[in-house]
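Asker:
Numbering (this note's numbering), first residue to last: 1487 to 1589.
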């Protein structure tokens, strides 16, 4: 059985990973919003970028949750962190390629 000090350290590290995952999700959304603003900032640009963020979140989130149930059962913190990392990378990619829009 774990001692209270060990349990407290484990809870703090899990909580930190959850917060980091949520912060990375915000960074991913921010990348989409800044890209929409950079290409004109119209309602359609924002709508399309937010919809793209949500579609990427649903698809990659479903894949990561499925893999997470197999790889790290019961570790929601790792799942949230992994989804956050993927979203941040996609958001940064979308922002970096914002001027390569043809239309």
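For glycine and all other residues, C-beta sits at the position ideal for the given N, C-alpha and C.
Mind pulling the alpha helix (DSSP H) runs of 4 or more residues that sit fully within the segment 1529-1580?
Answerer: As far as the segment 1529-1580 is concerned, its whole alpha helix (DSSP H) runs of at least 4 residues are 1529-1557.
Asker: Considering only C-alpha positions, which residue in the set 1526, 1558 and 1519 is nearest to residue 1538?
Answerer: Taking the first residue of the chain shown as position 1, residue 1538 is located at position 52. The option with the nearest alpha carbon to residue 1538 is 1519.
Asker: Whole angstroms is fine: what's the gap from residue 1522's alpha carbon to residue 1546's?
Answerer: Within the chain shown, residue 1522 is the residue found at index 36, counting from 1. Within the chain shown, residue 1546 is the residue found at index 60, counting from 1. Distance from the CA of residue 1522 to the CA of residue 1546, rounded to the nearest whole angstrom, comes to 21 Å.
Asker: I'd like to know whether the C-beta atoms of residue 1514 and residue 1567 end up nearer to each other than 8 Å.
Answerer: Stepping through the chain shown from its first residue, residue 1514 is reached at position 28. Stepping through the chain shown from its first residue, residue 1567 is reached at position 81. Result no, Cβ atoms of residue 1514 and residue 1567 do not sit closer than 8 Å.
Asker: Taking DSSP as the reference, what is the three-state secondary structure of residue 1585?
Answerer: Working through the chain shown from its first residue, we reach residue 1585 at position 99. Residue state, collapsed to three classes: coil.
Asker: Buried or exposed: where does residue 1583 fall if 16 or more other Cβ atoms within 10 Å of its Cβ makes it buried?
Answerer: Working through the chain shown from its first residue, we reach residue 1583 at position 97. Sixteen is the threshold: since fewer than 16 other Cβ atoms of the shown chains lie within 10 Å of the Cβ of residue 1583, the residue is exposed.
Asker: Give the straight-line distance between the Cα atoms of residue 1581 and residue 1569, rounded to the nearest whole angstrom.
Answerer: Position 95 of the chain shown, counting from 1, holds the residue named residue 1581. Position 83 of the chain shown, counting from 1, holds the residue named residue 1569. Cα atoms of residue 1581 and residue 1569: separation of roughly 18 Å, rounded to the nearest angstrom.
Asker: Is DSSP giving residue 1513 helix, strand or coil here?
Answerer: In the chain shown, residue 1513 corresponds to position 27, counting from 1. The answer is helix: DSSP assigns residue 1513 an H, G or I state.
Asker: Report yes if the C-beta distance between residue 1450 and residue 1577 is below 8 Å; otherwise report no.
Answerer: Only positions 1487 to 1589 of the chain appear in the structure, and residue 1450 is not among them; the question remains open.
Asker: In this structure, how does DSSP classify residue 1507 when only helix, strand and coil are distinguished?
Answerer: The count along the chain shown starts at 1 and reaches residue 1507 at position 21. In the structure shown, residue 1507 sits in a helix (DSSP, three-state: H, G or I).
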